[in-house]
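**Q** Numbering (full-length UniProt numbering), first residue to last: 1 to 245.
Backbone N, C-alpha and C fix where the C-beta goes; we use that ideal spot for every residue, glycine too.
First the structure, which I've put down as structure tokens, then a few questions once you've had a look.
Now the structure itself:
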């Protein structure tokens with residue numbers, strides 16, 4: 001039976017532990033210390049943050065501006081409503097004056113009072129025109145308020161999306177760190193058992209290494225669109241530790 005050096009078994013076992021996680025590093029980096037992998041993960045998170053942070057800040061600024069514009073539009077609308085109410089009062093006052101003068105006209109000299117009636121009629125028409133103008137102003141103010149409200153809602157939705165993206169990036173980093181920790185723990189466990197004298201037999205080590213090689217090979221084949229290999233266990237009494245098809 002061919003013997004395998006433990007110095008070659010440990011890297012193969014480490015590659016197996018890293019292969020089952022979603023942390024993919026080049027082979028040279030996979031054999032380096034855990035601090036290097038952590039730095040890669042942190043750099044990736046920083047790059048992702050640099051991409052969404054300006055968008056998040058811009059969305060927050062847009063939301064603040066939209067809220068300020070909405071308040072201004074609402075103030076303009078309230079002012080227009082007050083002016084409309086004032087115009088309504090003027091219309092009613094002019095109408096009452098016309099009715100009063102018409103009543104006087106019936107009881108007094110027609111020619112002498114007709115001038116006052118015509119003047120009141122013109123005042124009523126002017127009041128109607130002012131009323132129509134105020135109604136148009138109110139309509140424009142309400143439309144502006146609706147537009148500002150829509151802009152505020154859109155800005156809020158954008159801000160929520162950016163916040164969700166930030167949370168997703170944080171969760172992804174936490175997941176990567178957890179997987180990194182699991183891989184480091186697996187390697188530490190292997191090192192500890194090896195330092196303690198290795199409670200595995202030579203056949204156990206050969207089987208573990210063979211399984212790791214098959215798993216790493218299958219992962220490579222899957223990434224490149226190939227079918228995975230099929231492994232069959234072989235009795236440990238034979239020289240081979242497994243057959244691969």
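For residue 71, which option in 185, 160 and 145 has the closest C-alpha, if you only look at C-alpha atoms?
**A** Locating residue 71 in the chain shown gives position 71, counting from the first residue. Nearest option by C-alpha distance: 145.
**Q** Looking only at its own chain, which residues have a Cβ that is under 7 Å from the Cβ of residue 81, when we skip the five neighbours before and after it?
**A** Here the question's residue 81 lines up with position 81 in the chain shown. Contacts found: 138.
**Q** Please return the same chain residues whose Cβ sits closer than 6 Å to the Cβ of residue 77, not counting the five positions on each side in sequence.
**A** Along the chain shown, one-based indexing puts residue 77 at 77. Excluding residues within five positions, the ones whose Cβ falls inside 6 Å are 141, 142 and 145.
**Q** For the alpha helix (DSSP H) containing residue 230, list its first residue and its last residue.
**A** Within the chain shown, residue 230 is the residue found at index 230, counting from 1. From DSSP, residue 230 is part of no alpha helix (DSSP H); its letter is neither H nor E.
**Q** Cα-Cα, which of 69, 53, 51 and 55 is closest to residue 153?
**A** On the chain shown, residue 153 is found 153 positions in, with the first residue counted as 1. Answer by Cα proximity: 69.
**Q** Near residue 97, what residues of its chain come up, given a Cβ to Cβ distance below 6 Å and the 5 sequence neighbours on each side ignored?
**A** As a first step, residue 97 is located in the chain shown; it is residue number 97 there, counting from the start. 120, listed in sequence order.
**Q** Look at the Cβ atom of residue 162, then the Cβ atom of residue 66, and state whether they are nearer than 8 Å.
**A** For the purposes of this step, residue 162 is taken as residue 162 along the chain shown, with counting starting at 1. For the purposes of this step, residue 66 is taken as residue 66 along the chain shown, with counting starting at 1. Taking 8 Å as the Cβ cut-off, residue 162 and residue 66 do not qualify as a contacting pair.
**Q** Roughly how many whole angstroms lie between the Cα atoms of residue 214 and residue 52?
**A** Translated into the one-based positions of the chain shown, residue 214 becomes position 214. Translated into the one-based positions of the chain shown, residue 52 becomes position 52. One C-alpha to the other measures close to 39 Å.
**Q** Touching or not, the segment 82-97 and the segment 125-134, by the rule of three or more beta carbon pairs under 8 Å?
**A** Yes: the two stretches touch, three or more of their Cβ pairs being nearer than 8 Å.
**Q** Alpha helix (DSSP H) containing residue 217: first to last residue?
**A** Taking the chain shown and counting its residues from 1, the one referred to as residue 217 is at position 217. That run of the alpha helix (DSSP H) goes 202-223.
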